[in-house]
Amino acid sequence: MNAPTAPDSAATTPTRFIEAKGRTLAYREIGSGPPLILCVRFRGILDSWDPAFLDALAQNFRVITFDYSGLGQSTGSASYRPERLAADAIDLADALGIAEFVIGGWSLGGLAAQVVTVQVPDRVTHLVLIGTCPPGPLDPPSEPIFLQTALKPINDLADETILFFEPESAASRAAAALSHDRINARSSDRSPPIPPETYLALLQDRAGQDIFADTAGYADFLATCGIPILVITGDHEIVFPAPNWFRLNRVWKSLHLLVLPQMGHGPQHEVPDMAADLIASFVKNRAKR
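Residue numbers (the working numbering): 1296 to 1584.
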């Protein structure tokens, strides 16, 4: 008798491809339950997520990750404009026949997830934001060390510790090393990294603009839409400092804000099980109003 086949994990599940409005979107999915579509960070690809975080989420969700148009293994025209990234997530949901979903995003992906929520609020049951900012100018702004590190052609473990963890914490440095090893454990079917000439050109396309200019009234909509919103951030968030959210307490009526101590821009990679448990409990216990 043959042993049962082990379920796919994030480190082994194959990349799939689907046609959507003239381009091919590369995506992966694991788990079962309510669909959870995750939008990735700046310079991010399918293999930028920590498999431990995705596997923990898959205990409660059908977890779907993808490469943005023109990046990684997806085809089409690339852009870092949040509206274009949001279109990728919506078109992927359409192509997969998903009517309602939880939308999540990390960093730049959090901007995309907010746009998705504004554009198709009837389809979004919950909004999960990790290491990102609300619409409008940053105050306080990003720390200079972010771009100094993020724009290097190759980011090693030391850079990742600065970018996503808390270098002053021994526990966070140890978590950075473990996450680095998990992310790099996948030996085949990996999305190619984004070349410097590509991500620099995409940044130049946004030169002189606020990181998430609120020209369409996004903040006003999210403040009163009734869709449950969970923000998970570190207390030493160098990209989108946590105080940017503090002014929205009691303004965004469905905002749940969690600031994790001695953590940085990637708390879901530092405490993957805890982050996944928080998200699962949030979705289970907070209903759309």
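Note that CB positions come from ideal geometry on N, CA and C, so glycine has one too.
What you are looking at is a predicted structure, and each value in this text was computed from that prediction instead of being measured.
I'd like the list of long-range same chain contacts for Val1413, defined as Cβ closer than 6 angstroms, with 5 residues on each side in sequence excluded. Your numbering for residue 1413 matches position 118 in the sequence shown. Cβ within range, chain order: Tyr1513, Phe1516.
Going by DSSP in three states, Leu1341 sits in which element: helix, strand or coil? Numbered from its first residue, the sequence shown carries residue 1341 at position 46. It is helical.
Nonlocal neighbours in the same chain, by C-beta distance under 6 angstroms from Val1358, ignoring five residues either side: Taking the sequence shown and counting its residues from 1, the one referred to as residue 1358 is at position 63. Ile1325, Gly1326, Leu1331, Leu1349, Leu1352.
Using 8 angstroms as the cut-off, can you tell me whether the stretch 1444 to 1457 makes contact with the stretch 1541 to 1553, which would need three or more C-beta pairs spanning the two stretches below that distance? no
In whole angstroms, what is the alpha-carbon distance linking Asp1572 and Ala1347? Counting from 1 along the sequence shown, the entry for residue 1572 is found at position 277. Counting from 1 along the sequence shown, the entry for residue 1347 is found at position 52. Looking at the two C-alpha atoms, the distance is approximately 12 angstroms.
Report yes or no: do the stretch 1335 to 1346 and the stretch 1301 to 1317 share at least 3 C-beta pairs separated by less than 8 angstroms? Enough Cβ pairs lie closer than 8 angstroms, so yes.
With 16 as the cutoff for other CB atoms within 10 Å, does Gly1392 come out buried or exposed? Stepping through the sequence shown from its first residue, residue 1392 is reached at position 97. Counting the other CB atoms within 10 Å of its CB gives Gly1392 a total below 16, which places it among the exposed residues.
Where does Thr1319 sit, in a helix, a strand or coil, going by DSSP? Working through the sequence shown from its first residue, we reach residue 1319 at position 24. Strand, per DSSP.
Exposed or buried, what is Pro1436 when buried is set at 16 or more other beta-carbons lying within 10 Å of its beta-carbon? Locating residue 1436 in the sequence shown gives position 141, counting from the first residue. Exposed, since its Cβ has fewer than 16 Cβ neighbours within 10 Å.
Give the DSSP-derived three-state secondary structure of Asn1297 in the structure shown. In the sequence shown, residue 1297 corresponds to position 2, counting from 1. Interpretation of Asn1297 is limited by its pLDDT of 45, a score under 50 that renders its predicted location unreliable; no figure is taken from the coordinates.
Considering Cα atoms alone, identify which of Leu1446, Glu1455, Arg1581, Ala1384 is closest to Lys1316. Position 21 of the sequence shown, counted from the start, is the residue given in the question as residue 1316. The residue with the shortest Cα to Cα distance from Lys1316 is Ala1384.
Below 8 angstroms on the Cβ atoms is my contact criterion, and I expect Ala1407 with Pro1377 to pass it. Report the Cβ-Cβ distance as a whole number of Å. As a first step, residue 1407 must be located in the sequence shown, where it is residue number 112. As a first step, residue 1377 must be located in the sequence shown, where it is residue number 82. Contact holds; Cβ gap of about 5 angstroms.
Over the uninterrupted alpha helix (DSSP H) stretch that includes His1475, give me the two end residues. For the purposes of this step, residue 1475 is identified with residue 180 of the sequence shown, where counting begins at 1. Looking at the DSSP string, the run of the alpha helix (DSSP H) that includes His1475 is 1465 to 1478.
Roughly how many whole angstroms lie between the Cα atoms of Ala1508 and Tyr1375? Within the sequence shown, numbered from 1, the residue matching residue 1508 stands at position 213. Within the sequence shown, numbered from 1, the residue matching residue 1375 stands at position 80. Those two C-alpha atoms are separated by around 13 angstroms.
Sub-8 angstroms separation of Arg1338 and Ile1489 beta-carbons: Working through the sequence shown from its first residue, we reach residue 1338 at position 43. Working through the sequence shown from its first residue, we reach residue 1489 at position 194. Yes, the Cβ-Cβ distance between Arg1338 and Ile1489 is below 8 angstroms.
Does DSSP classify Pro1430 as helix, strand or coil? What you label residue 1430 is simply residue 135 of the sequence shown in a count that begins at 1. When secondary structure is reduced to three states using DSSP, Pro1430 falls in the coil class, being assigned neither helix nor strand.
Taking contact to mean 3 or more Cβ pairs, one atom from each stretch, closer than 8 angstroms, check whether the stretch 1574 to 1581 and the stretch 1416 to 1428 are in contact. yes
Proximity to Gln1557 [Cα-Cα], best of Leu1550, Glu1565, Asn1580: Looking up residue 1557 in the sequence shown gives position 262. For the residues Leu1550, Glu1565, Asn1580, the minimum Cα distance to Gln1557 belongs to Glu1565.
Using beta-carbon positions only, say whether Ser1402 and Arg1336 come within less than 8 angstroms of one another. Taking the first residue of the sequence shown as position 1, residue 1402 is located at position 107. Taking the first residue of the sequence shown as position 1, residue 1336 is located at position 41. Inclusion of Ser1402 and Arg1336 in the CB contact set at 8 angstroms is warranted, their separation being smaller than that value.
Flag this pair as yes or no: are the beta carbons of Thr1456 and Ala1445 separated by less than 8 angstroms? Counted from its first residue, the sequence shown places residue 1456 at position 161. Counted from its first residue, the sequence shown places residue 1445 at position 150. Cβ atoms of Thr1456 and Ala1445: not closer than 8 angstroms.
Residues near Asn1355 by beta carbon distance below 6 angstroms, same chain, minus five either side: By 1-based counting over the sequence shown, the position of residue 1355 is 60. Close CB contacts of Asn1355 within its chain, under the 6 angstroms cut and outside five residues either way in sequence, are with Gly1328, Ala1575 (chain order).
Which residues mark the beginning and the end of the beta strand (DSSP E) in which Gly1399 is found? The residue you call residue 1399 lines up with position 104 of the sequence shown. 1396 to 1401 is the span of the beta strand (DSSP E), which, as asked, contains Gly1399.
Classify Arg1477 as buried or exposed, calling it buried when 16 or more other Cβ atoms lie within 10 Å of its own Cβ. Counted from its first residue, the sequence shown places residue 1477 at position 182. Buried.
Quick check for students: name the residue ranges of the alpha helix (DSSP H) that lie wholly in the stretch 1496 to 1530, counting only runs of 4 or more. 1513 to 1519
The beta strand (DSSP E) enclosing Val1560, as first and last residue numbers: Working through the sequence shown from its first residue, we reach residue 1560 at position 265. One detail in the question is off: residue 1560 reads as His in this sequence, not Val. His1560 -> no beta strand (DSSP E), and no H or E assigned at all.
The alpha helix (DSSP H) with Leu1573 in it runs from where to where? Position 278 of the sequence shown, counted from the first residue, corresponds to residue 1573. 1567 to 1580 is the extent of the alpha helix (DSSP H) around Leu1573.
If you drop the 5 nearest sequence neighbours on each side, which residues of the same chain put their C-beta closer than 8 angstroms to that of Pro1562? For the purposes of this step, residue 1562 is taken as residue 267 along the sequence shown, with counting starting at 1. If we look at Pro1562 and ignore the five residues flanking it on each side, its Cβ neighbours are Ile1425, Gly1426, Ile1527, Thr1528, Gly1529, Leu1555, Ala1570.
Could you give the DSSP three-state label for Thr1444: helix, strand or coil? Working through the sequence shown from its first residue, we reach residue 1444 at position 149. Residue state, collapsed to three classes: helix.
When the Cα atoms are used, what is the spatial distance from Pro1567 to Ser1372? Along the sequence shown, read from residue 1 onward, the residue named residue 1567 stands at position 272. Along the sequence shown, read from residue 1 onward, the residue named residue 1372 stands at position 77. Cα to Cα, the separation comes out at about 32 angstroms.
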